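This report concerns only the one structure given below.
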Amino acid sequence: MKTYSPTHPFWATMTKKQRLNPSAGEKETVHFELDMSGSDLNYEAGDILGVIPSNDPKEVNDLIQALRLTGSEPILWGKEQEPMTLRCAFEHRCCLRFVPHSILVKLLERLGNASEKKSLKILFDPACSESLKNFQNNHSMFDVAEKFSSASFEPQEYVDCLKRLTPRLYSIASSPRNNANQIDLVVSIVRYHLNERMYGGVASTFLADRVPFNIPAVPVFIAKSSFRLPENTDTDVIMVGPGAGLAPFRGFLQERDLSHSKGRNWLFFGDQHRASDFLYENELNAYLEKGLLTRLDLAFSRDQVYKIYVQHKMKENAQELWNWIQNDAHFYVCGDASRMAKDVEETLLEMFKKQGHMSEDAAAAYLKDMRTSKRYQKDVY
Numbered sequence: 036m037k038t039y040s041p042t043h044p045f046w047a048t049m050t051k052k053q054r055l056n057p058s059a060g061e062k063e064t065v066h067f068e069l070d071m072s073g074s075d076l077n078y079e080a081g082d083i084l085g086v087i088p089s090n091d092p093k094e095v096n097d098l099i100q101a102l103r104l105t106g107s108e109p110i111l112w113g114k115e116q117e118p119m120t121l122r123c124a125f126e127h128r129c130c131l132r133f134v135p136h137s138i139l140v141k142l143l144e145r146l147g148n149a150s151e152k153k154s155l156k157i158l159f160d161p162a163c164s165e166s167l168k169n170f171q172n173n174h175s176m177f178d179v180a181e182k183f184s185s186a187s188f189e190p191q192e193y194v195d196c197l198k199r200l201t202p203r204l205y206s207i208a209s210s211p212r213n214n215a216n217q218i219d220l221v222v223s224i225v226r227y228h229l230n231e232r233m234y235g236g237v238a239s240t241f242l243a244d245r246v247p248f249n250i251p252a253v254p255v256f257i258a259k260s261s262f263r264l265p266e267n268t269d270t271d272v273i274m275v276g277p278g279a280g281l282a283p284f285r286g287f288l289q290e291r292d293l294s295h296s297k298g299r300n301w302l303f304f305g306d307q308h309r310a311s312d313f314l315y316e317n318e319l320n321a322y323l324e325k326g327l328l329t330r331l332d333l334a335f336s337r338d339q340v341y342k343i344y345v346q347h348k349m350k351e352n353a354q355e356l357w358n359w360i361q362n363d364a365h366f367y368v369c370g371d372a373s374r375m376a377k378d379v380e381e382t383l384l385e386m387f388k389k390q391g392h393m394s395e396d397a398a399a400a401y402l403k404d405m406r407t408s409k410r411y412q413k414d415v416y
C-alpha cells in the first residue's frame with residue numbers, strides 16, 4: 036500500500052462535477068468525482084480527503100503587478116530551499132489571504148509615504164490589538180500591496196514572510212465498496228466580496244473553476260479518521276448532517292447498503308429551501324423506499340415564517356430518539372462546529388434529562404460515556 040501526504044500527494048483525476056442546487060439558488064453545492072486509479076490507496080467510509088489547492092492565477096497576477104514585479108524572479112521556498120519562480124510560489128505555496136504580522140512590521144519600517152505610515156502605525160497601538168487582528172484576517176496580500184504601495188521588498192524577503200498554503204480537508208462522500216478507485220466529495224463553494232473585490236474559497240473554487248477534466252490535476256492524500264460506523268453491522272445509527280455535512284453519511288449509507296447491514300439508519304438532514312437545497316434527494320428517497328433508511332427527518336429553515344433546524348426535528352422526536360439510544364444506537368453529527376453541533380449536543384443533553392429522567396450532571400456523564408465508547412462521534416469544522 037502506497038502512502039501519500041501533503042508533501043507527497045497522489046494526483047487524482049476529476050471525472051465528474053455536478054451542481055446539486057439550481058444555478059439561480061442562493062447556495063452553490065457541488066458533487067465531485069475523483070478517479071484514484073493507480074493510487075493503491077485504502078480508505079474507509081468516514082475518512083477525510085486532503086486537497087492541496089492552488090491560488091487563483093488572476094489573484095496571483097494582480098498581486099505581482101501591485102508589487103511592481105514580473106513573477107519570473109527566482110526564489111527559494113521553505114526549509115527545503117526549493118528553487119522556483121515568484122509566480123510559482125504565489126500560486127502553489129503561499130497563503131495570500133492572511134496578512135502575517137512580520138510583513139506589517141517590515142512595512143512600517145519601510146513605508147516612504149507619511150499618510151500610509153500613519154494609517155498602519157495606528158494598528159500597532161496596544162489599544163488597537165483587535166483592529167490589528169481584524170486587519171490581518173480581513174485583508175488579502177493584494178490589499179496590503181495596494182494600500183501600502185510606497186514600500187518595496189526583495190522577492191525572497193517577501194515570500195519568507197508568508198504563511199504556507201495549507202491543504203483543505205473534506206469528508207469523503209462515498210464508500211470504497213461502491214467503487215474502490217473513486218472518491219466522491221460534496222463541497223459548498225465559497226464566493227464573497229472583500230474590500231470591493233470578488234474572492235472565492237481557495238480550495239472550493241480550485242475544484243469548481245480551475246481543475247480540468249480527465250487529467251491528473253488534483254493533488255490529494257487520505258487523512259485517516261476515527262469517524263467510523265460501528266463494527267457490529269446490526270447496530271442502529273443516527274446521523275445528523277445538514278448541508279454539506281451530509282457528505283460522510285452518504286458514504287455511511289453506501290457502506291451499510293453494500294455490506295447488507297441489518298441495523299436501522301435514521302438521518303436528520305436540513306438546509307435553507309427544500310426546492311433548491313435538498314441534496315441527493317433522489318438517492319435518499321430511494322434508500323427510504325428500499326428500507327435502508329428507516330427514518331429521514333428534514334428541516335428546511337426558510338420554507339416557513341419561523342426557522343426550523345435539525346435540532347428542532349430532534350426535539351420533536353425526542354422519545355423515539357431516546358428509545359434508539361437506549362437500544363445502543365450510535366449517534367453521529369457532521370457540519371458546522373460553531374452553532375449547529377453545539378445546538379445538537381445541547382438537544383441531546385436536554386433529551387437525556389427529560390426522557391432519561393437524569394440530573395444535569397448525570398446527563399453530562401451519560402454523554403461523556405457515549406463519547407468514550409465511540410457511540411457519539413463528531414466530524415465538525
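Numbered according to my numbering, the sequence shown spans residues 36 to 416.
All residues carry an ideal CB built from backbone N, CA and C; glycine is no exception.
Given the structure is predicted, the values throughout are model-derived calculations rather than measurements.
{"query": "Span separating the alpha-carbon of residue 148 from that of residue 137", "result": "19 Å"}
{"query": "C-alpha distance - residue 196 paired with residue 123, whole-angstrom precision", "result": "16 Å"}
{"query": "Neighbourhood of residue 225 by C-beta, 8 Å cutoff - its chain only, sequence neighbours within 5 removed", "result": "235, 236, 239 and 240"}
{"query": "For residue 290 and residue 410, believed in contact at Cβ under 8 Å, the rounded distance", "result": "Contact doesn't hold; Cβ gap of about 18 Å is too wide."}
{"query": "C-alpha gap between residue 125 and residue 135, whole angstroms", "result": "15 Å"}
{"query": "Beta-carbon gap between residue 190 and residue 99 smaller than 7 Å", "result": "no"}
{"query": "Supposed close pair residue 222, residue 67 - CB separation, criterion 8 Å", "result": "6 Å"}
{"query": "Residue 85 beta carbon less than 7 Å from that of residue 287", "result": "no"}
{"query": "Supposed contact pair residue 268 and residue 364 - C-beta distance, whole angstroms, cut 8 Å", "result": "Not quite, the Cβ-Cβ distance comes to about 13 Å (not below 8 Å), so this is no contact."}
{"query": "Span of the alpha helix (DSSP H), counted from its first residue to its last, around residue 140", "result": "136 to 145"}
{"query": "Segment limits, beta strand (DSSP E) that includes residue 120", "result": "117 to 120"}
{"query": "Buried or exposed (CB count within 10 angstroms, at least 16 for buried), residue 296", "result": "buried"}
{"query": "Per-residue DSSP class, three states only, for residue 241", "result": "helix"}
{"query": "Same chain, Cβ closer than 6 Å to residue 11, neighbours up to 5 away in sequence not counted", "result": "No answer is possible for residue 11: the residues shown for the chain start at 36 and end at 416."}
{"query": "Alpha helix (DSSP H) runs wholly inside the region 57 to 123, at least 4 long, in chain order", "result": "92 to 101"}
{"query": "Residue 332 in three-state terms, based on DSSP", "result": "strand"}
{"query": "Cβ shell of residue 393 (< 6 Å), same chain only, five flanking positions each side left out", "result": "387"}
{"query": "Cβ-based burial, residue 233 [other Cβ within 10 Å; buried from 16]", "result": "exposed"}
{"query": "7 Å Cβ cutoff met for residue 81 and residue 260", "result": "yes"}
{"query": "Endpoints, alpha helix (DSSP H) assigned at residue 360", "result": "353 to 361"}
{"query": "Beta-carbon gap between residue 332 and residue 308 smaller than 7 Å", "result": "no"}
{"query": "Supposed close pair residue 262, residue 414 - CB separation, criterion 8 Å", "result": "5 Å"}
{"query": "Beta-carbon spacing of residue 220, residue 130 below 7 Å", "result": "no"}
{"query": "For residue 50, three-class secondary structure by DSSP", "result": "strand"}
{"query": "Cα-Cα separation between residue 51 and residue 359, rounded to whole angstroms", "result": "38 Å"}
{"query": "Assigned exposure category for residue 162 - 16 Cβ within 10 Å defines buried", "result": "exposed"}
{"query": "Neighbour-count burial assignment, residue 94, 16 or more Cβ in a 10 Å radius", "result": "buried"}
{"query": "Alpha helix (DSSP H) segments (min. 4 residues) lying fully within the region 208 to 270", "result": "237 to 240"}
{"query": "Exposure label - residue 73; buried when at least 16 CB within 10 Å", "result": "exposed"}
{"query": "The beta strand (DSSP E) enclosing residue 302, as first and last residue numbers", "result": "300 to 306"}
{"query": "Beta-carbon proximity list for residue 198, same chain, < 8 Å, skipping 5 on both sides", "result": "129, 130, 133 and 135"}
{"query": "Endpoints, alpha helix (DSSP H) assigned at residue 286", "result": "282 to 293"}
{"query": "Cβ neighbour criterion (16 or more within 10 Å) applied to residue 312", "result": "buried"}
{"query": "Ordered list of alpha helix (DSSP H) runs contained in the region 139 to 203, each at least 4 residues", "result": "149 to 158, 164 to 172, 176 to 182 and 190 to 196"}
{"query": "Where the beta strand (DSSP E) containing residue 340 begins and where it ends", "result": "First-last for residue 340: undefined, no H or E at that position."}
{"query": "Limits of the alpha helix (DSSP H) - the one that residue 27 falls within", "result": "Any property of residue 27 remains undetermined from this structure, which presents the chain solely from 36 to 416."}
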